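Residue numbers (my numbering): 30 to 263. Inspection log for the structure reproduced underneath, given as structure tokens.
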């Protein structure tokens, strides 16, 4: 099994890098730090008469490398609660290859892992990025294996996140025991599904409770005013 690890950090040697290095330690892994490459934004020419025109940058060679791997690992820190622009540019440019049917076919043969890190409650606020990547994988038929979300802002701070460190070590162990591509995703159950995430449901319940509380408070105020008015009349 060959792993293509895409590092989105513009800092380098940050927390997402650390977790990714743990997961891929001792494995056949191509490590791509996007900050070291020139990847321009997509020019949407889907409906132009000539279609997409070639862009002279590093993207084509990276896509060629990616297609020769079995497992894709996306390592992304949270930048303003989203993925870094370099990662988004890299994915956006895939659209340029959709006229080539072999691109989608080869991508559908792949599996994916995701690493997300952030300093501001990333297990909640990183869910947007996780959902975005989930739907990208779903669209292309990529098997989404699992993910790690780690708490950390300062370089190396994620080492204090026992849950994230343990999961990264666990994934490394599982990948080491696989001599080929994982064929049963259930062995590393994906925790993002097409159902509404639990945190959204919890948020809605909280908002409902707050609204009920406000209404009860209004009713108490109305009752108090009634009593005062009736008291004055008597």
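Cβ coordinates follow ideal geometry from the N, Cα and C atoms, glycine included. As the structure is a computational prediction, the values presented were derived from the model and not from experiment.
Starting from residue 61, trace the beta strand (DSSP E) in both directions and tell me its first and last residue.
58–62 is the extent of the beta strand (DSSP E) around residue 61.
Do you know offhand how far residue 70's Cα is from residue 118's?
Rounded to the nearest angstrom, the gap between the Cα atoms of residue 70 and residue 118 is 5 Å.
Inter-stretch contact (C-beta, 8 Å, three-pair minimum) for the segment 174–191 and the segment 136–153:
The segment 174–191, when compared against the segment 136–153, does touch it at the 8 Å Cβ threshold.
Integer Cβ distance of residue 47 from residue 158, believed to fall under 8 Å:
In this structure, residue 47 and residue 158 do not form a Cβ contact; the two beta carbons are roughly 18 Å apart against a cut-off of 8 Å.
Going by DSSP, name the residue or residues bridged to residue 192.
None, per the DSSP bridge assignment.
Got a sec? Which residues, its chain only, sit under 8 Å from residue 31 by beta carbon, not counting five neighbours each side?
Result list for residue 31: 57, 58, 59, 97, 98, 99 and 100, in chain order.
Terminal residues of the alpha helix (DSSP H) in which residue 134 lies
Start and end: 130–136.
For residue 120, which option in 169, 254, 74 and 129 has the closest C-alpha, if you only look at C-alpha atoms?
The alpha carbon of residue 120 has as its nearest neighbour, out of 169, 254, 74 and 129, the alpha carbon of 169.
With a threshold of 6 Å on Cβ separation, who are the neighbours of residue 155 within its own chain once the five nearest residues in sequence on each side are excluded?
Cβ within range, chain order: 107, 145, 147 and 178.
Does the separation of the CB atoms of residue 103 and residue 141 fall below 8 Å?
Yes, the pair counts as a contact, with Cβ atoms nearer than the cut-off.
Taking all protein chains shown into account, do 16 or more other C-beta atoms lie within 10 angstroms of the C-beta of residue 127, making it buried, or fewer, making it exposed?
So residue 127 ends up on the exposed side.
Contact under 8 Å by Cβ, residue 105 with residue 112:
With contacts defined by Cβ atoms closer than 8 Å, residue 105 and residue 112 form a contacting pair.
Residue range of the alpha helix (DSSP H) that includes residue 167
Start and end: 156–169.
My output table needs one value for residue 12: the three-state DSSP class, helix, strand or coil.
Within the shown structure, residues of the chain are numbered from 30 to 263, placing residue 12 beyond reach of any answer.
To which residues of the same chain is residue 66 closer than 7 Å at the C-beta, ignoring the five residues directly before and after it?
Closer than 7 Å at the Cβ level, and outside the excluded window around residue 66, lie 87 and 91.
Where residue 184 and residue 45 are concerned, what is the direct C-alpha to C-alpha distance, given to the nearest angstrom?
Distance between the alpha carbons of residue 184 and residue 45: 9 Å.
For residue 181, which option in 64, 149 and 122 has the closest C-alpha, if you only look at C-alpha atoms?
Scanning 64, 149 and 122 for the CA closest to the CA of residue 181 turns up 149.
Backbone CA spacing between residue 198 and residue 204 [nearest angstrom]
The straight-line gap from Cα to Cα measures roughly 10 Å.
Residues bridged to residue 175 by DSSP?
Note: residue 175 sits in a beta bridge opposite 142.
C-beta contact flag for residue 200 and residue 116 at 8 Å
Against a cut-off of 8 Å, the Cβ pair of residue 116 and residue 200 comes out as no contact.
What would DSSP say about residue 251, mapped onto helix, strand or coil?
Three-state DSSP puts residue 251 in a helix.
Residues near residue 54 in its chain [Cβ-Cβ closer than 7 Å; skip 5 each side]
Here the set comprises 201.
For residue 85 and residue 72, the rounded distance between their alpha carbons
Computed Cα separation, rounded: 12 Å.
Kindly list the residues whose CB is nearer than 7 Å to the CB of residue 272, restricted to its own chain and excluding five residues on each side of it in sequence; keep chain order.
An answer regarding residue 272 cannot be provided, because it is not within the stretch 30 to 263 covered by the chain.
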